[in-house]
Amino acid sequence: MQIQYKPTRTLLQTILHVEILQGMALTLKRLFSKPITRQYPQEKPDVRLGFRGQHALVRDQASGGSKCVACMRCATVCPSRCIRIRYHEDEESGARVVDSYDIEALRCVYCGFCEEVCPVNALVMTEVFEYGAYDRQSIFFDQQRLLENWDRFTELKGGGMDNYVNPFWRPRGADEKTLTAAKRVKVPDDWTLEGQVVGKKFKTERSV
Amino acid sequence: MTRPVTKTLEIPVADGERNPYSLKMGPQHPATHGVLRVDLELDGETILKCTPHVGYLHRGFDKIAENRTYAQTLILTDRLDYIGAMANNVGYCVAVEQLLGFSVPERAKYIRTMVCEMSRICSHLLWLATHALDIGAMTVFLYCFREREILLDLFEELCGARLTFSYPRIGGVRQDVTRKFIDELQRVIHLFPGRIEEYETLIDTNRIWLKRTVGIGKLSGDKALALGLTGPCLRGSGVDYDIRKHRPYDAYDQMDFEVPLGSDGDIYARYRCRMEELRQSLRILQQCVDMLPPGPVLDKDAPDLVMPLHKNTKGGEADSTSYGTGIIKFMEEQGIYPAGDIYVSTEAPKGELGFYFISDGSARAYRMHIRSPSFIHISALPTIAQGELIADLIANIGSLDVVIGECDR
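Order-wise, the sequence lines are chains A and B. Residue numbering for the first sequence follows the working numbering, beginning at 1 and increasing consecutively. Residue numbering for the second sequence follows the working numbering, beginning at 209 and increasing consecutively.
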């Protein structure tokens with residue numbers, strides 16, 4: 001497609017500065033419309049569900065601790081290698097017990113792979129995005145801090161976190177059969193394969 | 209303490225010749241779009257020689273990729289061209305899929321095409337904003353950012369990030385679209401044509417804009433091809449080359465769109481090409497929304513994030529060494545990944561983005577090379593800028609649409 005782009009200007013238009021006035025009229029019109037600028041520290045932006053922000057370990061209501069089973073999947077998948085887990089095996093039951101769980105958030109690239117691979121929904125990236133600090137220590141999250149992050153996030157959401165589902169825990173459009181038992185949680189209708197959005201034209205063409 | 213003056217300043221002038229002087233522009237100059245240094249040799253205001261220096265933002269992605277699995281390398285591509293990161297993500301995934309022989313479900317192809325075009329609009333809007341600001345039109349800058357914000361919100365709804373998306377995956381995409389996303393996108397498609405007209409009202413026929421762009425930075429089609437330019441820079445010179453048309457990937461072969469071509473090859477032609485591309489992108493978006501087929505968004509054979517190809521290794525003993533680096537050894541024994549090399553290119557907003565892989569059959573690339581359009585474009589700068597004025601150099605850098613993150617990698 002050859003584009004037509006030779007602007008022409010008559011003598012009268014040149015003298016009267018028509019194109020300049022048109023531009024000015026547009027900017028003048030904006031003067032009377034609603035401003036779109038957000039006064040940030042006073043007005044918080046609207047953060048969408050599943051925003052990849054500050055890390056947290058989900059606090060288990062039953063035990064009061066984290067749900068982590070030390071499967072090491074998050075530490076393995078992490079591209080920036082910022083997760084460090086230490087565990088020992090319980091001598092009687094053989095179950096793994098987490099000794100320490102550290103996330104060095106300054107190294108994190110916020111890809112969200114860790115929460116996606118977690119088989120028990122223990123790890124989450126919350127919608128909290130304001131946690132700047134003046135020293136490195138306050139952005140180094142150990143297990144205690146990560147659990148506190150979850151509490152803070154719960155407070156932010158106004159409680160009722162039993163029904164909270166992060167989109168990365170149970171990827172939208174994922175087949176139920178491929179997920180672990182803990183990930184087969186109840187989700188909104190359009191997250192499932194049956195309720196997914198289909199194009200209007202596709203529907204009509206297939207019915208014909 | 210003042211230094212004693214030993215010698216008065218004398219400018220040596222040869223007989224009948226004017227002495228050129230050198231000027232270092234950048235690397236912190238705001239008009240160079242990042243950390244680009246340009247060494248100039250000037251005669252008055254005319255550029256005799258211009259040498260761009262790159263490498264101030266070098267992070268060694270090609271090398272880091274050798275130490276990450278294919279799934280992990282995806283996050284590096286976010287940081288190439290951070291303005292339209294989704295196109296890089298998709299380009300990388302398309303390349304790896306062709307190397308390893310994975311297929312993508314139909315729905316995922318449409319979603320990828322959709323996000324690619326959204327990314328193109330994002331990139332072109334930011335290009336228009338900064339380019340106009342360089343030339344001196346500040347209003348357009350503010351208006352473009354207003355629209356870009358809407359698209360970034362949409363990306364946030366889709367994948368939880370506004371800039372570094374990491375959204376596609378090898379063999380599909382990570383998340384399906386929501387109904388809210390599709391509704392908002394539909395609104396964007398209706399809203400944007402009017403907004404593009406607004407920008408055109410502001411600068412299209414503006415006499416200052418025309419003075420700064422028409423006839424400046426001219427490149428003939430042959431010259432542009434010889435310099436290796438791609439994307440809107442090449443199409444502005446009238447060469448019909450668009451990978452979306454000529455070697456379609458994802459769902460581009462199903463799409464009905466046209467490739468805008470200029471003829472003069474000056475800054476104004478490139479500007480017009482990009483503006484038309486915005487409209488064509490909106491057309492593609494509308495078709496994607498209309499024709500979105502149902503089905504899964506991730507192929508059932510797609511490699512697992514944490515243990516690539518775990519699902520395909522039936523009967524393989526996954527012992528304790530299969531975590532961490534052990535997994536690589538484990539898969540080498542199985543001989544899963546095909547060895548060989550491949551070059552796959554896709555149409556990123558800036559031009560042809562190519563990935564060249566040498567695979568030795570392991571889960572990591574033995575060598576990954578990125579053919580980034582910005583690096584090629586910056587090398588064309590000396591040819592374009594020679595003989596022109598120093599003020600036009602700013603306009604030239606802007607019109608080539610370079611992002612230093614992609615240029616230096």
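We put the beta carbon where it would ideally sit given N, CA and C, even for glycine. Every value quoted in this text rests on a predicted model; they were computed, and no experiment measured them.
The C-alpha of V304/B is placed about 14 Å away from the C-alpha of D507/B. The C-beta of D616/B has 16 or more other C-beta atoms within 10 Å across all chains shown, which makes the residue buried.
Put simply, the backbone Cα of R455/B is about 25 Å away from that of V611/B.
In this chain, the alpha helix (DSSP H) harbouring S489/B covers I475 to M499. Taken residue by residue, none of the segment 317 to 328 of chain B has a beta-carbon sitting less than 7 Å from a beta-carbon on chain A.
In the three-state reduction of the DSSP assignment, D342/B falls in the helix class. For C68/A, no Cβ of chain B is located within less than 7 Å of the residue's own Cβ. The count of Cβ pairs closer than 8 Å, one atom from the segment 448 to 467 of chain B and one from the segment 572 to 581 of chain B, stays below three, leaving the stretches out of contact. Around the Cβ of I319/B, a 10 Å sphere holds 16 or more other Cβ atoms; the residue is buried. Residue pairing of E104/A in beta bridges, as defined by DSSP: F140/A. Counting along the chain, S230/B sits inside the beta strand (DSSP E) bounded by residues Y229 to M233.
Counting C-beta pairs closer than 8 Å gives three or more between the segment 108 to 118 of chain A and the segment 361 to 373 of chain B, which meets the contact rule. R172/A has its alpha-carbon roughly 8 Å from the corresponding atom of D190/A. Residue pairing by DSSP places Y87/A opposite V98/A in a beta bridge. Going by DSSP, V117/A is part of the alpha helix (DSSP H) stretching over F113 to V117.
In the DSSP assignment, E555/B falls within the beta strand (DSSP E) that extends over G548 to A556. For the set L433/B, L500/B and Y449/B, the Cα lying nearest the Cα of M463/B is the one of L500/B. Rounded to the nearest angstrom, the gap between the Cα atoms of N275/B and Y300/B is 16 Å.
R354/B belongs to the set of residues whose beta carbon lies under 7 Å from a beta carbon in chain A.
L106/A sits exposed, since fewer than 16 C-beta atoms from the chains shown fall within 10 Å of its C-beta. Under the Cβ criterion (8 Å, minimum of three pairs), the segment 12 to 28 of chain A does not count as touching the segment 84 to 101 of chain A. Contact check for P511/B and I390/B: beta-carbon distance about 28 Å, past the 8 Å limit, so the pair fails to qualify. Contact of E89/A with chain B by beta-carbon distance below 8 Å is absent, the smallest such distance being about 12 Å. DSSP, reduced to helix, strand and coil, places E253/B outside both helices and strands of the structure shown, so it counts as coil.
Using a Cβ distance threshold of 7 Å, A434/B and L442/B do not count as a contacting pair. Contiguous alpha helix (DSSP H) elements confined to the segment 271 to 352 of chain B occur at 278 to 285, 293 to 308 and 314 to 343, taking only those with 4 or more residues. Non-local C-beta neighbours of C68/A in its own chain, meaning closer than 7 Å and more than five positions away in sequence, comprise L57, V98, Y101 and A122, ordered along the chain. Cβ proximity to chain A below 8 Å picks out nothing from the segment 419 to 430 of chain B. Here H266/B is exposed. Its C-beta has fewer than 16 other C-beta atoms within 10 Å. Proximity to D609/B across I566/B, I291/B and D568/B peaks at I291/B, based on C-alpha coordinates. With a threshold of 7 Å between beta carbons, A369/B makes contact with chain A.
DSSP, reduced to helix, strand and coil, places I566/B within a strand of the structure shown. H241/B counts as buried, since at least 16 other C-beta atoms from the protein chains shown sit within 10 angstroms of its C-beta. Put simply, the backbone Cα of S230/B is about 15 Å away from that of A593/B. Comparing alpha-carbon positions, the option among L308/B, G309/B and Q280/B lying closest to N297/B turns out to be Q280/B. For D384/B, the nearest CB of chain A lies under 7 Å from its own CB, placing it at the interface with that chain.
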